[in-house]
Amino acid sequence: MMILLFNLLGTQKKGETEIIFSEFMDRLNAGEVEEVTMKGSVIIGQLKDAKKFKTYAAEYPELVRTLREKNVKITVKPEEQNPWYWNLFFSYGPIILLIVLWVMFMRQMQTGGNKALSFGKAKAKMVSEKAVKVTFADVAGIEEAKAEVQEIIDFLKEPQKFQKLGGKIPKGVLLVGEPGTGKTLLARAIAGEAGVP
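Take my numbering: the final residue in the sequence shown is number 177, and no numbers are missing along the way.
If you want it as structure tokens, here you go:
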């Protein structure tokens, strides 16, 4: 879309009126054409009333002779061609862009799949030993919950043991309960028992 817009804006200059070839020939025969510039099949010209026009001509061998008979100033220029690298860019650019997007998408998919195995490999800083730690001794009255999360603590302490057996840690643990029942304290106790921040 942008390429088409660029070409349209780049090829037509301000003030040029596009006319059909038969109208151009009628005006030429009437003596209204002052000068023309020919670029391949494109004819850009100016009428005697200073209006500019543009038309396209097919193979017409007698055109130059007719222009000379009517005393029209003739300029012939070579057709403007895009440099070779533009042609290469517009030909292969979209394909290369699709390949780059595909590679980025595949890398994203691969790293997303490996995140489950890198659970115990977080680059977290160890909290100093002197920091206040919460352990299960600080949590009272929920022995069943302590037993349920013991496996998570074991995994956090020795993740290699579980990974060798093909075990995968879940992305998180959902602690459910009313406000004030000790969910946050239990989570801190899990981290304290496992020795992780």
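For glycine and all other residues, C-beta sits at the position ideal for the given N, C-alpha and C.
- The straight-line gap separating the alpha-carbon atoms of V16 and Q61 is approximately 20 Å.
- In this structure, DSSP gives K31 a state outside helix and strand, which the three-state scheme calls coil.
- Here L166 is buried. Its C-beta has 16 or more other C-beta atoms within 10 Å.
- By the Cβ test, the segment -4 to 16 is in contact with the segment 25 to 45, since at least three Cβ pairs between them sit closer than 8 Å.
- Partner residues in the beta bridge of G25, as assigned by DSSP, are V16 and F33.
- In this structure, A169 is the residue among E12, A169 and L27 with its C-alpha nearest to the C-alpha of A117.
- CA-to-CA, the gap between D134 and Q143 works out to about 12 Å.
- A residue is called buried when at least 16 other Cβ atoms come within 10 angstroms of its Cβ; E173 meets this threshold and is buried.
- If you draw a straight line from the Cα of N51 to the Cα of P74, it comes to about 49 Å.
- For the 9 Å CB-CB criterion, K32 and E(-4) form a contact.
- Contact between E14 and K57 fails: their C-beta atoms lie close to 17 Å from each other, not under 8 Å.
- Counting the other Cβ atoms within 10 Å of the Cβ of G25 gives 16 or more, which makes it buried.
- Sequence-distant Cβ neighbours of K137 in its own chain, meaning closer than 8 Å and more than five residues away, are A174 and G175.
- Counting only runs of 4+ residues, the alpha helix (DSSP H) found wholly inside the segment 39 to 89 occupies 43 to 49, in chain order.
- Under a 10 Å Cβ-count criterion, V119 is classified as buried, with 16 or more other Cβ atoms of the shown protein chains found around its own Cβ.
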